[in-house]
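Numbering (the working numbering), first residue to last: 256 to 536.
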């Protein structure tokens with residue numbers, strides 16, 4: 256039996272199937288539409304998210320788990336020697352701080368397992384990539400400190416790239432002005448986003464969604480460590496995700512490619528139709 260149980264936020268977009276496969280506990284975050292709150296992975300999933308987004312002219316807000324949710328989840332692993340909670344980037348969320356404070360409180364109360372918290376500096380499948388690696392090591396008997404030392408070696412080498420098929424959500428969120436957004440749409444401009452140093456960054460702009468996808472596929476060709484785990488994720492755009500999967504496999508037949516949904520954390524901002532590609536560089 257593993258000595259260390261691995262936890263993470265639902266912002267990781269880890270599905271129940273992946274969590275079960277690797278022995279990961281996922282702590283639910285909250286997404287708020289008006290006066291209605293939904294716990295991700297419990298009462299809202301990606302298809303429902305995109306359905307709701309089509310019905311409103313604003314972006315919902317998200318909230319990280321509160322101390323009660325963290326402590327309740329941690330207590331499910333009371334028979335382990337250690338708990339390692341791998342959190343979404345501290346530059347985007349208060350999850351890391353709340354998890355650390357909860358760990359300190361439980362320690363003062365005499366809670367059995369030693370709780371460690373780790374800042375992934377990532378979100379979505381960039382976080383999931385690290386969590387899965389941690390869970391594999393935990394099953395092999397690694398301690399929390401040993402796992403964190405390994406994560407330190409791969410954290411900055413996780414490549415995360417997203418293509419947006421529409422700028423509608425960027426306009427809703429106020430990150431792009433209405434006039435600028437209209438001009439960009441008329442010109443067919445689509446951004447390619449990456450995730451570096453704990454935040455989302457605009458990598459470049461392309462003319463058209465297809466060219467944006469080609470640019471991301473080229474990044475894989477140039478930067479990926481071949482034969483590794485790869486995530487192709489989509490915001491209700493499985494056909495394009497499957498085409499990206501084929502692009503990856505044509506370049507790297509040994510790649511272990513999983514096609515999954517983009518969840519709440521990124522999907523709220525990228526909007527429907529987006530495609531993501533995550534791999535080790």
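For every residue, glycine included, the Cβ atom is placed at its ideal position computed from N, Cα and C.
One alpha carbon belongs to residue 359, the other to residue 370, and they sit about 8 Å apart. Three or more beta-carbon pairs drawn from the region 283–297 and the region 317–332 are found closer than 8 Å, and the two stretches are therefore classed as touching. For residue 374, the three-state secondary structure derived from DSSP is strand. Collapsing the DSSP output to three states places residue 517 in coil. When 525, 305 and 291 are compared, the shortest CA-CA separation from residue 416 is found for 525. For residue 464, the secondary structure class from DSSP, reduced to helix, strand or coil, is helix. The alpha helix (DSSP H) runs of length 4 or more contained entirely in the region 481–516 are, from start to end of the chain, 493–506. Looking at the DSSP output, residue 413 sits in a beta bridge with 535.
A distance below 7 Å between beta-carbons, with the five flanking residues on each side excluded, links residue 446 to the following residues of its chain, in chain order: 419, 457 and 460. The residue from 411, 266, 503 and 362 with its alpha-carbon nearest to that of residue 349 is 266.
Listed as beta-bridge partners of residue 258 by DSSP are no residues whatsoever. If you check the CB distance, residue 514 and residue 471 do not come in under 8 Å. Shown here for residue 483: same chain residues with a beta carbon closer than 8 Å to its own, the five before and five after excluded, namely 510, 511, 534 and 535 in chain order. Contact annotation: the region 288–305 does not touch the region 330–337, with fewer than three C-beta pairs closer than 8 Å. With contacts defined as CB atoms closer than 8 Å, residue 372 and residue 354 qualify as a contacting pair.
In the three-state reduction of the DSSP assignment, residue 343 falls in the coil class, being assigned neither a helical nor a strand state. Taking 8 Å as the cut-off, the beta carbon of residue 297 is found closer than this to the beta carbon of residue 283.
In this structure, residue 410 sits near residue 385, with a CB-CB distance shorter than 8 Å.
Annotated as distal: residue 531 and residue 295, with beta-carbon spacing of 8 Å or more. Your pair residue 453 and residue 403 does not check out as a contact, with CB atoms roughly 17 Å apart and the cut at 8 Å. As a beta-bridge residue in DSSP terms, residue 293 pairs with 286.
DSSP, reduced to helix, strand and coil, places residue 470 within a helical segment of the structure shown.
In the three-state reduction of the DSSP assignment, residue 356 falls in the helix class. Between residue 387 and residue 293 a beta carbon distance of about 25 Å is seen, past the 8 Å cut, so the two are scored as non-contacting.
By the CB criterion at 8 Å, residue 444 and residue 466 fall outside the cutoff.
Here residue 323 is exposed, its C-beta having fewer than 16 other C-beta atoms within 10 Å. Distance check between residue 326 and each of 314, 313 and 356 places 356 closest, using alpha-carbon atoms only.
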